[in-house]
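Chains as they are written, first to last, in the working numbering: chain A, 1 to 185; chain B, 186 to 370. C-beta: ideal position from N, C-alpha, C; glycine also.
Number of protein chains: 2
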Amino acid sequence: MKYPSNIKKNTKTHILYGNRGMDLENSINLANDYYANNDIAFIYKKPTPIGIVDTGYENNNYIIKKAYFKEPSTLDYNGLYKGKYIEFEAKETKNKTAFPLSNIHEHQIKHIRNILKHNGIVFLIIKINNNAYLLKGNDFLNYIDENSRKSIEFNFIKENGYIIKETFNGLNYLETVNNVYGGIL
Amino acid sequence: MKYPSNIKKNTKTHILYGNRGMDLENSINLANDYYANNDIAFIYKKPTPIGIVDTGYENNNYIIKKAYFKEPSTLDYNGLYKGKYIEFEAKETKNKTAFPLSNIHEHQIKHIRNILKHNGIVFLIIKINNNAYLLKGNDFLNYIDENSRKSIEFNFIKENGYIIKETFNGLNYLETVNNVYGGIL
Numbered sequence: 001m002k003y004p005s006n007i008k009k010n011t012k013t014h015i016l017y018g019n020r021g022m023d024l025e026n027s028i029n030l031a032n033d034y035y036a037n038n039d040i041a042f043i044y045k046k047p048t049p050i051g052i053v054d055t056g057y058e059n060n061n062y063i064i065k066k067a068y069f070k071e072p073s074t075l076d077y078n079g080l081y082k083g084k085y086i087e088f089e090a091k092e093t094k095n096k097t098a099f100p101l102s103n104i105h106e107h108q109i110k111h112i113r114n115i116l117k118h119n120g121i122v123f124l125i126i127k128i129n130n131n132a133y134l135l136k137g138n139d140f141l142n143y144i145d146e147n148s149r150k151s152i153e154f155n156f157i158k159e160n161g162y163i164i165k166e167t168f169n170g171l172n173y174l175e176t177v178n179n180v181y182g183g184i185l
Numbered sequence: 186m187k188y189p190s191n192i193k194k195n196t197k198t199h200i201l202y203g204n205r206g207m208d209l210e211n212s213i214n215l216a217n218d219y220y221a222n223n224d225i226a227f228i229y230k231k232p233t234p235i236g237i238v239d240t241g242y243e244n245n246n247y248i249i250k251k252a253y254f255k256e257p258s259t260l261d262y263n264g265l266y267k268g269k270y271i272e273f274e275a276k277e278t279k280n281k282t283a284f285p286l287s288n289i290h291e292h293q294i295k296h297i298r299n300i301l302k303h304n305g306i307v308f309l310i311i312k313i314n315n316n317a318y319l320l321k322g323n324d325f326l327n328y329i330d331e332n333s334r335k336s337i338e339f340n341f342i343k344e345n346g347y348i349i350k351e352t353f354n355g356l357n358y359l360e361t362v363n364n365v366y367g368g369i370l
């Protein structure tokens with residue numbers, strides 16, 4: 001994945017190109033490490049939910065010999081920032097015109113409603129057309145509630161989302177959170 | 186596991202015996218389901234962290250064929266309650282005189298310090314001698330910092346912890362949280 005040469009049009013500060021080949025998850029994990037190491041925030045990716053079927057020993061190590069993947073009912077990342085609960089899901093799509101809603105499960109949508117209702121900060125990070133956008137939980141739900149489409153049009157994301165900057169320390173989404181949620185942080 | 190006949194001495198309200206054979210994790214999961222279904226709190230157990238070595242297909246299902254267990258760096262449960270970030274670890278011991286500190290890893294202790302510093306609610310639930318106690322993160326850290334023992338004496342837990350009531354809807358730890366953290370909720 002390469003950044004297009006016009007990325008500078010969308011951001012105002014210096015873009016570091018060191019991580020441009022990094023996928024979204026790695027870039028967020030790198031940022032989370034940076035935040036934790038610098039005492040800024042404690043946000044982690046939840047492990048993949050699995051159902052263990054069989055375990056056993058191999059070379060004296062207790063290992064999983066069979067397990068299946070479970071569908072997550074919450075979002076992938078959660079944690080604590082400035083005393084606030086924060087939770088988000090991160091997805092990238094190669095689709096250039098829309099973000100397919102099959103990426104977000106029905107009970108995750110319900111979960112987003114619950115977190116919002118109980119005053120948590122909740123959003124999606126969507127990487128599409130070589131930019132990562134923060135889309136607020138509220139804006140996402142409004143779209144879902146007002147559209148019967150099975151995807152979110154790129155134009156909606158571009159107009160309602162906020163571009164997140166990529167840095168040497170990963171995807172600096174908390175800078176965007178500060179801008180977007182400044183009033184409650 | 187049976188409750189001793191004297192458990193009523195420690196609690197003031199009606200104890201329901203339906204779940205008395207239930208282990209700590211199941212009882213907390215039951216409570217979390219109750220909280221979520223009744224729009225009270227959204228707190229979940231994190232999946233066991235694993236490293237996937239091999240995957241494949243079995244009867245057309247994509248499954249894990251080999252994985253190993255990783256050491257967790259955060260606590261087992263976290264979520265949102267009354268707009269606050271909440272995180273805890275739950276452990277039971279059959280030891281009657283002390284809670285072995287081998288149950289809590291070094292980076293989990295560091296994590297507890299971080300969560301406290303950033304104004305999250307963090308505690309341990311320790312089941313010992315047939316009662317579940319909430320031990321505040323602060324009290325736990327004070328013990329760790331002031332003792333070189335490899336376990337927490339039961340007397341310390343009894344004097345500094347708060348007994349949590351078991352109900353038909355699981356271990357009602359949020360009632361205890363209300364009492365203990367009422368000032369900041």
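- The distance from the Cβ of Y133/A to that of I164/A is about 7 Å, consistent with a contact at the 8 Å cut-off.
- In this structure, G51/A lies away from K65/A, with their beta-carbon atoms at least 8 Å apart.
- Between the C-alpha atoms of I248/B and T233/B there is a straight-line separation of about 16 Å.
- DSSP lists K251/B as the beta-bridge partner residues of D239/B.
- Cβ proximity to chain B below 7 Å picks out nothing from the segment 92-106 of chain A.
- It is roughly 11 Å from the alpha-carbon of N142/A to the alpha-carbon of F156/A.
- Under a criterion of Cβ atoms nearer than 8 Å, the residues of chain B adjacent to I64/A are, in order, I235, I249, K251, A252, Y253, F254.
- Considering only Y366/B, D208/B, Y262/B, L320/B, the residue with the shortest C-alpha distance to E344/B is L320/B.
- Look at S148/A here: in three-state DSSP terms it is coil, with no helix or strand label.
- Taking all protein chains shown into account, S333/B has fewer than 16 neighbouring C-beta atoms within 10 Å of its C-beta and is therefore exposed.
- DSSP places L116/A inside the alpha helix (DSSP H), whose first and last residues are 106-117.
- In this structure, I225/B lies away from L309/B, with their beta-carbon atoms at least 8 Å apart.
- In summary, the residues of the segment 119-141 of chain A whose CB is separated from some CB of chain B by less than 8 Å are N119, G120, in the order they occur in the chain.
- Secondary structure note for I157/A: its alpha helix (DSSP H) is the uninterrupted segment 154-160.
- When C-beta distances to chain A are compared with 9 Å, every residue of the segment 335-356 of chain B stays at or above that value.
- With a beta-carbon spacing of about 7 Å, Y262/B and E272/B fall inside the 8 Å limit used to define contacts.
- N246/B belongs to the set of residues whose beta carbon lies under 8 Å from a beta carbon in chain A.
- Residue burial is scored here from C-beta neighbours: H292/B has fewer than 16 other C-beta atoms within 10 angstroms and is therefore classed as exposed.
- For L135/A, the enclosing beta strand (DSSP E) has its first and last residue at 131-136.
- Taking Y266/B as the centre and dropping the five residues before and after it, the same chain places the C-beta of A226 closer than 6 Å to its C-beta, in chain order.
- Each residue's CA atom was taken as its position, placing I144/A and F99/A some 12 Å apart.
- Remark: three or more beta-carbon pairs, one from each stretch, lie closer than 8 Å, so the segment 353-368 of chain B and the segment 205-219 of chain B are flagged as touching.
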